[in-house]
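What follows is a single structure, written as structure tokens, with notes after it.
Numbering (my numbering), first residue to last: 26 to 160.
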């Protein structure tokens, strides 16, 4: 059952904003996710409840797993035509599609690098149309 979320805007000083950006980047989250978690924990503490810790989903091992987990979101936010084939590990994404996927999902840079090397290895000259090294 999806949770209903509302957008809340707040004003803070530049130092706080910079700290939130650093903290969010360090944890591989967006600022919005981080602030939501912080506020949720503060409200739970104020109400005398223990904050509910959601188990973190493990990092995807490769681009195929990432696309599989986020297929619907990627369909809505990218123009990539062969997402299902990428998710099923039938084809590799082109470099441009890889970047579109990373951008659409706001993947942290350190995870982008891991996924890049898991997907292409040290081959930075990946050509469009190469299918999992079988062509």
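For glycine and all other residues, C-beta sits at the position ideal for the given N, C-alpha and C. Fair warning: this is a prediction, and the values are worked out from it, not measured in the lab.
| Query | Result |
| --- | --- |
| Simplified DSSP assignment, three categories, for residue 38 | coil |
| Terminal residues of the alpha helix (DSSP H) in which residue 54 lies | No alpha helix (DSSP H) contains residue 54, which DSSP labels as neither H nor E. |
| For residue 70, the three-state DSSP class (helix, strand or coil) | helix |
| Alpha helix (DSSP H) segment containing residue 111, residue limits | 108–112 |
| Whole-Å CB distance - residue 91 paired with residue 140, under 8 Å assumed | 6 Å |
| Touching by the beta-carbon criterion (3+ pairs, under 8 Å), the segment 31–51 and the segment 81–89 | no |
| Segment contact flag, the segment 59–72 with the segment 101–118, C-beta cutoff 8 Å, min 3 pairs | no |
| Residue 27 versus residue 97: straight-line alpha-carbon distance, rounded | Any reading at residue 27 must be qualified, since the residue scores a pLDDT of 48, below 50, and its modelled position is unreliable; no value is offered. |
| Neighbour-count burial assignment, residue 56, 16 or more Cβ in a 10 Å radius | exposed |
| DSSP state of residue 147 mapped onto helix, strand, coil | coil |
| Cα-Cα separation, residue 40 to residue 59 | 16 Å |
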